[in-house]
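Enquirer:
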């Protein structure tokens, strides 16, 4: 299932997906763009779990650019995956792994580490 959420977590669109192809959700993205246009609004950010993989498809739909050539809609990575990427390189069998991961996530999410 693929969801498109608004700023407050409101479900704007949902679609069952059978694979990871972003071509499958292109109609959803087009619908979202049209809804924003009807409301005289602009979608400034699209946050996804793998921005490198999906950026091209999203920019095929949200292709409008500013006067200086920048896309009006930025495709960025969600915080959870942004945090986890560097952690993939850490030795998971190290005795301090669990407490380090808890502190690392806590520092970003709530400003406090979880380990004692």
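Numbering (the working numbering), first residue to last: -7 to 108. C-beta: ideal position from N, C-alpha, C; glycine also.
Taking the alpha-carbon positions, what's the residue 51 to residue 27 distance?
Expert: So the alpha carbons of these two residues sit roughly 17 Å apart.
Enquirer: Ignore the nearest five residues each way along the sequence and tell me which others in residue 40's own chain have a CB closer than 6 Å to its CB.
Expert: 46
Enquirer: Looking only at its chain, what residues have a beta carbon closer than 7 Å to the beta carbon of residue 34, apart from the 5 residues adjacent to it on each side?
Expert: 28, 64
Enquirer: State the DSSP-derived secondary structure class of residue 46, mapped to helix, strand or coil.
Expert: helix
Enquirer: Between which residues of its own chain and residue 70 is the CB-CB distance below 8 Å, once the five residues before and five after are set aside?
Expert: 39, 40, 41
Enquirer: In angstroms with no decimal places, state the Cα-to-Cα distance between residue 85 and residue 17.
Expert: 39 Å
Enquirer: Among 61, 83, 72, 15, which residue has its Cα nearest to the Cα of residue 97?
Expert: 72
Enquirer: Ignoring anything shorter than 3 residues or poking outside the region 59 to 87, list the beta strand (DSSP E) runs there in chain order.
Expert: 66 to 69
Enquirer: Give every residue of the same chain whose Cβ lies closer than 8 Å to the Cβ of residue 15, excluding the five residues on either side of it in the sequence, and list them in chain order.
Expert: 49
Enquirer: Pull up the CB-CB distance for residue 79 and residue 53, whole angstroms please, since I reckon it's below 8 Å.
Expert: No, residue 79 and residue 53 are not in contact; Cβ-Cβ is about 32 Å, not under 8 Å.
Enquirer: Given this structure, state the Cα-to-Cα distance separating residue 91 from residue 58, to the nearest angstrom.
Expert: 45 Å
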